[in-house]
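Scroll down for the structure; my scribbles are underneath it.
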Amino acid sequence: MNASEIIKNIETEQLKAEAPQFSVGDTVKVYGKIKEGNRERIQVFEGTVIKKQGGSNRATFTVRKLSNGVGVEKTWPLHSPNVEKVEIVRKGKVRRAKLYYLRDRVGKAAKVKELVK
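Each residue of the sequence shown is one higher than the one before, starting from 42 at the first, in our numbering.
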């Protein structure tokens, strides 16, 4: 058993059994665990997914929201134990894999159209 097989085994153990299914452009609520001293609480971060990258247990996704008129982006590991759950608020209709252009837009121009099925 070589080193790469050992690493692969460790990584597969760390994968979540049910990874949340969402895509770029979706508006999501991320329930993240936050440690404050000896207490632990869950904080909700709601925004638009602007990118997903990586594979296996290294996969991450970035969520962007506007807070008091200032854009805030936060990157979360998909399989992290600190991510309690990811809840889809609405599906977005986009034609790009990365939505970096939303950074330059303000107000209604920064919205993503909703995907109606």
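The C-beta atom is built at its ideal place from N, Cα and C for all residues, glycine as well.
At the C-beta level, Gly112 and Arg144 come within 8 Å of one another. In the three-state reduction of the DSSP assignment, Leu143 falls in the helix class. Sixteen is the threshold: when 16 or more other Cβ atoms of the shown chains lie within 10 Å of the Cβ of Leu119, as they do, the residue is buried. Scanning its chain for C-beta atoms nearer than 7 Å, with the 5 sequence neighbours on each side dropped, one finds around Glu52 the residues Ser97, Asn98, in chain order. When the alpha-carbon of Lys92 is set against those of Lys70, Gly66, Lys106, Ala60, the nearest one is in Gly66. If you check the CB distance, Thr68 and Thr89 come in under 8 Å. Secondary structure of Glu128 (DSSP, three-state): strand. Under DSSP, the beta-bridge partners assigned to Ile75 are Arg82. Residue environment: Leu107 is assigned as exposed (fewer than 16 neighbouring CB atoms within 10 Å of its CB, all protein chains considered). In the three-state reduction of the DSSP assignment, Glu59 falls in the coil class.
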